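Colleague: Got a structure for you, questions after.
Numbering (our numbering), first residue to last: 88 to 266.
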């Protein structure tokens with residue numbers, strides 16, 4: 088029998104990760120290091136490699152949250168990651184082009200870096216609802232592998248249930264969450 092144990096990063100591992108990952112932007116690296124060293128909750132978070140990666144990837148949004156006097160919690164960390172991934176999706180030319188057709192979003196698209204979480208979620212409402220439904224169907228069917236047939240059935244079921252007027256498979260693929 089093979090036994091495996093998951094252990095977290097040491098402080099040296101964290102420093103090594105930051106040194107290797109943030110070589111292009113020493114200012115961000117210094118900000119993150121300072122944040123980690125001055126926030127006890129951050130020290131515990133970054134010992135888990137995935138959470139350190141999320142912190143680094145989402146730093147620009149997290150820094151804005153901190154300026155707005157929001158504390159960094161697991162929830163805010165994951166919300167920043169979700170927001171950052173959706174912003175990456177929104178910034179795609181085909182997504183921007185589609186969103187520009189909606190007058191509500193024209194002004195928002197001019198300043199993506201300043202959007203609030205609720206604005207981001209409003210812009211990706213249909214995609215988010217579909218992904219939630221997709222996850223739900225995966226749990227219903229007890230599957231974590233979403234093959235083409237499963238996606239096709241899920242889209243059909245979603246369209247029938249909600250009478251959605253969007254091309255869901257194309258939209259789901261554009262999110263980058265599925266291929």
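A virtual CB, placed ideally from N, CA and C, is assigned to each residue, including glycine.
Just so we're clear, the structure is a prediction, and the values are computed from it rather than from any experiment.
Residue range of the alpha helix (DSSP H) that residue 116 falls in?
Modeller: The residue given as residue 116 occupies position 29 in the chain shown. Note, residue 116: alpha helix (DSSP H), 113–125.
Colleague: Please work out which residues of its chain come closer than 7 Å, Cβ to Cβ, to residue 204, disregarding the five sequence neighbours upstream and downstream, and give them in chain order.
Modeller: The count along the chain shown starts at 1 and reaches residue 204 at position 117. Excluding residues within five positions, the ones whose Cβ falls inside 7 Å are 166 and 170.
Colleague: Note down the Cα distance separating residue 239 from residue 168, rounded to an integer number of angstroms.
Modeller: The residue labelled residue 239 in the question sits at position 152 within the chain shown. The residue labelled residue 168 in the question sits at position 81 within the chain shown. If you take the alpha carbons of residue 239 and residue 168, they lie about 28 Å apart.
Colleague: Looking only at its own chain, which residues have a Cβ that is under 7 Å from the Cβ of residue 139, when we skip the five neighbours before and after it?
Modeller: The count along the chain shown starts at 1 and reaches residue 139 at position 52. Contacts found: 96, 101, 104 and 133.
Colleague: Suppose the cutoff is 7 Å on Cβ atoms and the five residues either side in sequence are ignored; what does the same chain contact list for residue 108 look like?
Modeller: Here residue 108 corresponds to residue number 21 of the chain shown, with the count starting at 1. So the qualifying residues of the chain are 143.
Colleague: Quick one, which of 174, 129 and 235 has its alpha-carbon nearest residue 161's?
Modeller: Taking the chain shown and counting its residues from 1, one reaches residue 161 at position 74. Minimum Cα distance to residue 161 is reached at 129.
Colleague: What's the C-alpha gap between residue 182 and residue 214?
Modeller: Counted from its first residue, the chain shown places residue 182 at position 95. Counted from its first residue, the chain shown places residue 214 at position 127. For residue 182 and residue 214, the distance between alpha carbons rounds to 11 Å.
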